[in-house]
Structures are given as structure tokens and as C-alpha cells.
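Trainee: For the sequence shown, my numbering gives the first residue as 148, with consecutive numbering after it.
Using N, Cα and C, we set each Cβ at its ideal position, and we do this for glycine too.
None of the values given here were measured: they were computed from a predicted structure.
Here it is: the structure, laid out below.
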Amino acid sequence: MKYPTQRHLPSIVNLNTFEVIARRLSITAAADELGLTQSAVSRQLSDLEGFVGVALCRRTTSGMELTVDGASYLRRVRTLLDELESATIAASMGSMPGKILRLSVPTTFGRLWAMPRLCAFAIAHRQIQLDVATHTGPISMRDSGLDAAIVYCEGPEPGCVADLLHPLHSFPLAAPTLSRLAAPLTGTQMAALPLLHQSMVPNSWPAYLRQLGASVEVPMPGAHYGLLSLALTAAEAGLGVALVPDYVSASALQTGRLVKLNDKPFISPRSYFLVTTNERAKAPVIQSLRQWLTSQSPPSP
148 MKYPTQRHLP
158 SIVNLNTFEV
168 IARRLSITAA
178 ADELGLTQSA
188 VSRQLSDLEG
198 FVGVALCRRT
208 TSGMELTVDG
218 ASYLRRVRTL
228 LDELESATIA
238 ASMGSMPGKI
248 LRLSVPTTFG
258 RLWAMPRLCA
268 FAIAHRQIQL
278 DVATHTGPIS
288 MRDSGLDAAI
298 VYCEGPEPGC
308 VADLLHPLHS
318 FPLAAPTLSR
328 LAAPLTGTQM
338 AALPLLHQSM
348 VPNSWPAYLR
358 QLGASVEVPM
368 PGAHYGLLSL
378 ALTAAEAGLG
388 VALVPDYVSA
398 SALQTGRLVK
408 LNDKPFISPR
418 SYFLVTTNER
428 AKAPVIQSLR
438 QWLTSQSPPS
448 P
């Protein structure tokens with residue numbers, strides 16, 4: 148097999164054939180899926196093995212199986228093929244300016260707050276295809292390949308603009324059976340209860356309790372949860388007190404599954420912003436989304 152470029156890269160066609168063989172473990176089944184003859188599939192596998200210099204598959208009485216080298220190679224090749232396909236789709240979408248908007252949202256905030264508003268946007272702007280992904284933790288807009296993202300942060304990174312969507316006001320919530328003390332509880336009273344922490348904001352409980360006048364040390368004991376929804380479920384189960392944003396807790400409070408232990412909110416220094424780069428902010432499709440989200444739900448004072 149000839150080198151297609153100056154780089155030591157095999158044929159993408161042969162890599163794809165190898166992935167299908169590895170998945171189907173049959174030359175015949177791979178040939179059917181690819182619309183090729185069995186001899187063509189076997190030849191492409193042979194070419195790839197000759198290129199890499201090791202046997203990737205071996206024939207058995209029941210079909211094919213991967214060698215140790217083949218299994219190791221497949222794990223890396225499959226990831227690269229997925230990334231190449233994703234990059235190609237993204238490039239193809241880029242050839243249709245003004246029609247496709249690629250957006251990422253935080254998992255829980257995206258499901259509970261953003262998606263109802265984004266669905267309404269999509270209905271009102273049917274000429275725009277809205278592709279929505281999710282993320283946890285920080286995200287760099289300049290390196291993401293996205294058109295925009297809803298980010299939990301203190302403000303935009305350099306070279307980006309941000310629209311405030313939702314300040315984060317959290318309240319201490321617990322199952323009705325957890326505490327026999329009548330609300331409102333003081334910071335000292337709450338510190339004596341099992342506290343449920345969020346991994347992304349591990350210092351929110353100490354900051355809130357100090358805000359209420361309690362003297363606390365860090366780190367504080369208690370279970371940690373990666374998602375707000377997990378902490379909420381744990382609180383409903385009576386495992387402890389969760390410091391939960393208002394957009395997450397409305398249903399649980401209304402149905403009585405949780406009660407508020409203090410009406411004073413913890414106001415996070417971070418908020419949810421719609422972030423995009425300075426260059427993308429000028430695109431009409433981004434301007435439409437920015438206007439929609441800020442007008443549909445004005446930020447709380």
C-alpha cells in the first residue's frame with residue numbers, strides 16, 4: 148500500500164474496513180455491510196496489516212478474531228474515526244452559514260432551564276437547525292468549535308462576549324423528616340446536620356454558613372455529588388441537606404418532597420451566561436439566539 152501523504156498514515160478506507168471486520172468478526176458480514184466482495188474486504192485488511200507490520204486479525208473456525216495488537220490498534224483507531232467523522236460533519240455544517248447553530252449547555256441547567264427556552268426558539272426559528280450538546284465544568288469557547296455555549300462562570304474569557312441569563316441563587320433544602328427544628332435554621336444548626344456537597348462548587352456550603360454567622364472549618368464533612376440532580380435526589384431520600392439552585396428545586400418544594408430550611412439565599416459569585424466569541428457574535432443566527440434568551444427570561448435583580 149502506498150503512502151497517501153508524506154505522513155505515516157494508512158488509507159482511511161482500509162481503517163474503516165478494519166473497524167467493520169472487528170465489529171462483525173466476519174469477512175462475509177463485513178462485505179455485506181460495506182457493499183463489497185469478500186475478496187475486496189480481505190485485500191483491504193491485508194493491505195492494512197502490511198502497512199502497520201503486524202497481524203490485526205486471525206481466522207477461526209467460527210469467523211474472525213482480533214489479535215492482541217489488533218485489539219489495541221482498534222481502540223485507538225475507532226476513537227480517531229469517530230473524531231474524523233465528527234470533524235467532517237462540523238465542516239459540512241459550516242458550509243451552510245446562517246442555518247445551523249452549534250450550542251453546548253451544562254447538563255442539569257440545560258435540561259431544566261435552557262432546553263424549554265431553546266425548544267421555543269427552534270419553533271419560532273424553523274429555518275435554523277439547533278444542535279445541542281452538553282458539558283460539565285469549564286469550557287473554552289475559542290477551542291471548542293461551537294457557535295455558543297451556556298457557561299457557569301464569573302464572566303467571559305478574553306475574546307468572547309457574554310449575556311447574563313440566570314444568576315445562581317441557592318437555598319438549603321432537606322427532606323421534611325431530616326430535622327425536627329422549625330425553619331429558619333441558623334448556620335450553626337445546619338452545620339450540625341449531614342451536608343451534601345457539589346463537586347464543582349465544594350466551598351459553597353462553608354461560604355453560605357459563614358454568611359449566616361456560623362464558624363466553620365474547611366474542608367467540611369459530607370458526601371459529594373457531581374451533578375445538581377444527584378444532590379437533589381439524595382436530599383429527597385433524607386441523606387442530608389443540599390444547597391440547591393431555585394431552578395432545580397421548584398417541583399420538589401411544591402410537592403413537599405423537600406422543605407426550605409432558610410429563606411436567605413446563597414448568591415454564587417458565578418452565574419449562567421450565554422457565551423460566544425467576538426467574531427461569532429456578529430452572525431445573525433447568534434444575534435437571534437442572544438435576543439431570544441435574554442428577552443424570554445430576564446435576569447433576576
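Return the chain-ordered list of same chain residues with a C-beta closer than 6 Å to the C-beta of Leu-221, the five sequence neighbours on each side being excluded.
Mentor: Ala-169.
Trainee: In the stretch 400-448, which residue ranges form an unbroken alpha helix (DSSP H) of at least 4 residues, counting only runs that do not cross its ends?
Mentor: Correct list: 431-443.
Trainee: Do Val-388 and Leu-320 have their beta-carbon atoms positioned less than 8 Å apart in this structure?
Mentor: Taking 8 Å as the Cβ cut-off, Leu-320 and Val-388 qualify as a contacting pair.
Trainee: What do you reckon, are the CB atoms on Glu-294 and Arg-249 nearer than 8 Å?
Mentor: The amino acid occupying residue 294 in the given sequence is Asp; Glu does not appear at that position. Cβ atoms of Asp-294 and Arg-249: closer than 8 Å.
Trainee: Pop quiz: Leu-192 and Thr-164 are said to be a contact at Cβ under 8 Å. What is the actual Cβ separation, rounded to whole angstroms?
Mentor: Correct: roughly 6 Å between the Cβ atoms.
Trainee: I need the straight-line Cα distance from Pro-446 to Gly-302, nearest angstrom please.
Mentor: Only weak support exists for where Pro-446 lies, its pLDDT of 44 falling under 50; the value from the coordinates is given anyway. One C-alpha to the other measures close to 15 Å.
Trainee: Would you mind stating whether Ser-317 and Phe-413 have Cβ atoms separated by less than 8 Å?
Mentor: Yes, the pair counts as a contact, with Cβ atoms nearer than the cut-off.
Trainee: Return the CA-CA distance between Asp-229 and Ser-158, expressed in angstroms with no decimal places.
Mentor: Going by the C-alpha atoms only, they are around 15 Å apart.
Trainee: Considering only residues of the stretch 280-349, which uninterrupted beta strand (DSSP E) runs meet the minimum length of 3 residues and lie entirely inside it, listed in chain order?
Mentor: DSSP runs (the beta strand (DSSP E)) wholly in the stretch 280-349: 295-300, 307-321 and 342-345.
Trainee: Excluding five sequence neighbours on each side, which residues of the same chain lie with their C-beta closer than 8 Å to the C-beta of Thr-214?
Mentor: Val-201, Ala-202, Leu-203, Cys-204 and Arg-205, listed in sequence order.
Trainee: Give the range of the alpha helix (DSSP H) segment to which Thr-175 is assigned.
Mentor: It spans 174-181 - the alpha helix (DSSP H) in which Thr-175 sits, taken as one unbroken run.
Trainee: Can you give me the start and stop residues for the alpha helix (DSSP H) that Pro-392 sits inside?
Mentor: First-last for Pro-392: 388-392, but that is the beta strand (DSSP E), not the alpha helix (DSSP H).
Trainee: Between the alpha carbons of Met-243 and Ile-433, how many angstroms are there, rounded?
Mentor: With a pLDDT of only 48 at Met-243, under 50, the local geometry of the prediction cannot be trusted, and no value is derived from it.
Trainee: Using 8 Å as the cut-off, can you tell me whether the stretch 367-375 makes contact with the stretch 346-356, which would need three or more C-beta pairs spanning the two stretches below that distance?
Mentor: Touching, per the Cβ criterion.
Trainee: Beta-carbon separation of Ser-251 and Leu-315 under 8 Å?
Mentor: No, the pair does not count as a contact, with Cβ atoms beyond the cut-off.
Trainee: Quick check on DSSP: helix, strand or coil for Val-224?
Mentor: Note: Val-224 maps to helix in three-state DSSP.
Trainee: Tell me, which residues are paired with Ile-168 by DSSP?
Mentor: Note: Ile-168 sits in no beta bridge, so no partner.
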